[in-house]
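Student: Sending over a structure as structure tokens; questions will come in a sec.
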Amino acid sequence: MTLLPLAPDVLLGVALLFTAWRALYTQALFPAVVFFVAFGMLLALAWMRLQAPDVALAEAAIGAGLTGALLMAAVARLRGRDEDRP
Amino acid sequence: MKAFASAALALLLAGLAAVLAWTVTRPVTPGRDVPALIAGALDVSGVSHPVTAVLLNFRGYDTLLELVVLLIALAGVRCLAPLPPPRGSAPVGGVLRELASLLLPVLVLVAVYLLWAGATRPGGAFQGGALLAAAGILALLAGRDRFLWRLEHRLWPLACLGVAVFLAVAAGTLAAGGVLLGLPSAHAGTLILVIEGFALLSIAVTLVALFLGTGELEDRDP
Amino acid sequence: MTGQALYAVLGCGLFCLGFHALVVAAHPLRRLLAVNVMGSSVFLVLVAGAAPGDPLPQALVITGIVVAVAATALGLNLLLRLAVPAAADEPADGEGGS
Numbered sequence: 546m547t548l549l550p551l552a553p554d555v556l557l558g559v560a561l562l563f564t565a566w567r568a569l570y571t572q573a574l575f576p577a578v579v580f581f582v583a584f585g586m587l588l589a590l591a592w593m594r595l596q597a598p599d600v601a602l603a604e605a606a607i608g609a610g611l612t613g614a615l616l617m618a619a620v621a622r623l624r625g626r627d628e629d630r631p
Numbered sequence: 082m083k084a085f086a087s088a089a090l091a092l093l094l095a096g097l098a099a100v101l102a103w104t105v106t107r108p109v110t111p112g113r114d115v116p117a118l119i120a121g122a123l124d125v126s127g128v129s130h131p132v133t134a135v136l137l138n139f140r141g142y143d144t145l146l147e148l149v150v151l152l153i154a155l156a157g158v159r160c161l162a163p164l165p166p167p168r169g170s171a172p173v174g175g176v177l178r179e180l181a182s183l184l185l186p187v188l189v190l191v192a193v194y195l196l197w198a199g200a201t202r203p204g205g206a207f208q209g210g211a212l213l214a215a216a217g218i219l220a221l222l223a224g225r226d227r228f229l230w231r232l233e234h235r236l237w238p239l240a241c242l243g244v245a246v247f248l249a250v251a252a253g254t255l256a257a258g259g260v261l262l263g264l265p266s267a268h269a270g271t272l273i274l275v276i277e278g279f280a281l282l283s284i285a286v287t288l289v290a291l292f293l294g295t296g297e298l299e300d301r302d303p
Numbered sequence: 050m051t052g053q054a055l056y057a058v059l060g061c062g063l064f065c066l067g068f069h070a071l072v073v074a075a076h077p078l079r080r081l082l083a084v085n086v087m088g089s090s091v092f093l094v095l096v097a098g099a100a101p102g103d104p105l106p107q108a109l110v111i112t113g114i115v116v117a118v119a120a121t122a123l124g125l126n127l128l129l130r131l132a133v134p135a136a137a138d139e140p141a142d143g144e145g146g147s
């Protein structure tokens, strides 16, 4: 069968769907942000599979790295807030 | 009722996904062969990497307005009333400080390399600027925030530098009898490198300022 | 089905997943995550729908990624500003008194 070359793409697609699902439906915010960063990293791999190395670089540096740092800083501030007022 | 509504929503969105999937997998009628057009015009663009040629030359207008969007986002963030400074942040560990001192020079070097590599291979101002911003954020997290007061005093000049240089080049090409941002092919390579260099600096400064958020620069001012 | 079509279909699925989360999520940060996932899925469809290695959609997507991070940063700051009272809004006796 000719499905074998598609195996990495299928695996990557399932991993992308899984991380996106966990990022959007996990109860706690911090694990959700961690899953979102993982989603960004996997998406960078997907860009490489689509022969777009420039987009992969931008996604890894901005989409996963900087957005992750922004989100984690925001979650840390929100958490400090929530512990104040249970 | 609520269970019914959520089931209906899920069903509706599953239907939407199916329709979208059917749409994107339909064969499209071939239009103009854009990759071939870009490859044909690559000789006059000043760079040999097609993505950089599109970003900085063929569609330079998009990139200029994108830098303006970054500035508008920064203005929006800086307009908000300042938050109270974060309390109870963990002290910086020795491992993080040592790692930062090892990584910071490498990150800056790779950022400059990405800018230079953008002319011939994957890379460019946005990737390099993001990496430089990451270096700045790493320095912040590792407690090396001495560069912040410098940033505070020159935030807007530094953030506007990329747009200013881009606009100056656009005005120059317009005044030289060409069209707006129609870079002359003899100097296109140099012009693109100059635009990208200043854009990289502005992107990095803007992203670090966006990370700091509302008015934290003043709070950290020694 | 080719790899390209696979990623285009995946983009459609991710778009609807993000849309669902955007509608049902209560926390604003979660909605921001959902909007980001929807944006990434649109980029995926854009690149996967073009010819392999076509530089034009790639350049557009790089532009889009930078705009997305700027919008996310603005959204997060608005969100924090809503959730955390500013220094001027605090009662004189501090937060312990509330």
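Protein chains in written order, with the working numbering: chain A, 546 to 631; chain B, 82 to 303; chain C, 50 to 147. Built from N, CA and C at the ideal position, the CB exists for glycine as well.
For a test of the three-state rule: what should DSSP assign to C/Thr51, helix, strand or coil?
Tutor: Locating residue 51 of chain C in the third sequence gives position 2, counting from the first residue. Correct three-state label for C/Thr51: coil.
Student: In whole angstroms, give me the CA-to-CA distance for A/Trp514 and B/Met82.
Tutor: Any answer about residue 514 of chain A is impossible in this case: the structure gives chain A only from 546 up to 631.
Student: Counting only beta-carbon separations shorter than 8 Å, does B/Arg140 have a partner in chain C?
Tutor: Counting from one through the second sequence, the residue named residue 140 of chain B turns up at place 59. With 8 Å as the cut-off, B/Arg140 counts as an interface residue toward chain C.
Student: Run down chain B in chain order and give the residues with a C-beta less than 8 Å from the C-beta of A/Ala614.
Tutor: As a position in the first sequence, residue 614 of chain A is number 69, starting the count at 1. Neighbours of A/Ala614 on chain B, chain order: Ala215, Ile218, Phe292.
Student: Cβ of B/Glu299 less than 8 Å from any chain A Cβ?
Tutor: For the purposes of this step, residue 299 of chain B is taken as residue 218 along the second sequence, with counting starting at 1. Low per-residue confidence applies at B/Glu299: pLDDT is 49, beneath 50, and the placement is therefore not dependable, though the value from the model is reported in the following sentence. Not one chain A Cβ lies under 8 Å of B/Glu299.
Student: Under a three-way DSSP split, which group does C/Gln107 fall into?
Tutor: Taking the first residue of the third sequence as position 1, residue 107 of chain C is located at position 58. Three-state result, C/Gln107: helix.
Student: Is the beta carbon of C/Val86 less than 8 Å from the beta carbon of C/Gly62?
Tutor: For the purposes of this step, residue 86 of chain C is taken as residue 37 along the third sequence, with counting starting at 1. For the purposes of this step, residue 62 of chain C is taken as residue 13 along the third sequence, with counting starting at 1. Their beta carbons are not under 8 Å apart, which means C/Val86 does not touch C/Gly62 by this criterion.
Student: Classify A/Val620 as helix, strand or coil using the three-state DSSP reduction.
Tutor: In the first sequence, the residue the question calls residue 620 of chain A occupies position 75. Three-state result, A/Val620: helix.
Student: Is there a Cβ of chain A sitting closer than 8 Å to that of B/Ala91, yes or no?
Tutor: Here the question's residue 91 of chain B lines up with position 10 in the second sequence. Not one chain A Cβ lies under 8 Å of B/Ala91.
Student: Could you check which residue in B/Leu288, B/Val246, B/Thr110, B/Leu255 has the C-alpha nearest to that of C/Val115?
Tutor: In the third sequence, residue 115 of chain C corresponds to position 66, counting from 1. Among B/Leu288, B/Val246, B/Thr110, B/Leu255, the Cα nearest to that of C/Val115 is on B/Leu288.
Student: May I ask which residues mark the beginning and end of the alpha helix (DSSP H) holding C/Asn85?
Tutor: Residue 85 of chain C sits at position 36 when you count from the first residue of the third sequence. Start and end: 77–98.
Student: Going by the CB atoms, is the gap between B/Thr106 and C/Ala97 shorter than 8 Å?
Tutor: Position 48 of the third sequence holds residue 97 of chain C. Position 25 of the second sequence holds residue 106 of chain B. No, the Cβ-Cβ distance between C/Ala97 and B/Thr106 is not below 8 Å.
Student: Using a beta-carbon distance below 8 Å, is C/Leu123 in contact with chain A?
Tutor: Within the third sequence, the letter at position 74 stands for residue 123 of chain C. No, no contact with chain A.
Student: Output yes if chain E places a C-beta closer than 8 Å to the C-beta of C/Gly52; else output no.
Tutor: No chain E is present in this structure, whose protein chains are A, B and C.
Student: Could you give the distance in angstroms between the alpha-carbon of B/Leu152 and the alpha-carbon of B/Asp124?
Tutor: In the second sequence, counting from the first residue as 1, residue 152 of chain B sits at position 71. In the second sequence, counting from the first residue as 1, residue 124 of chain B sits at position 43. The straight-line gap from Cα to Cα measures roughly 33 Å.
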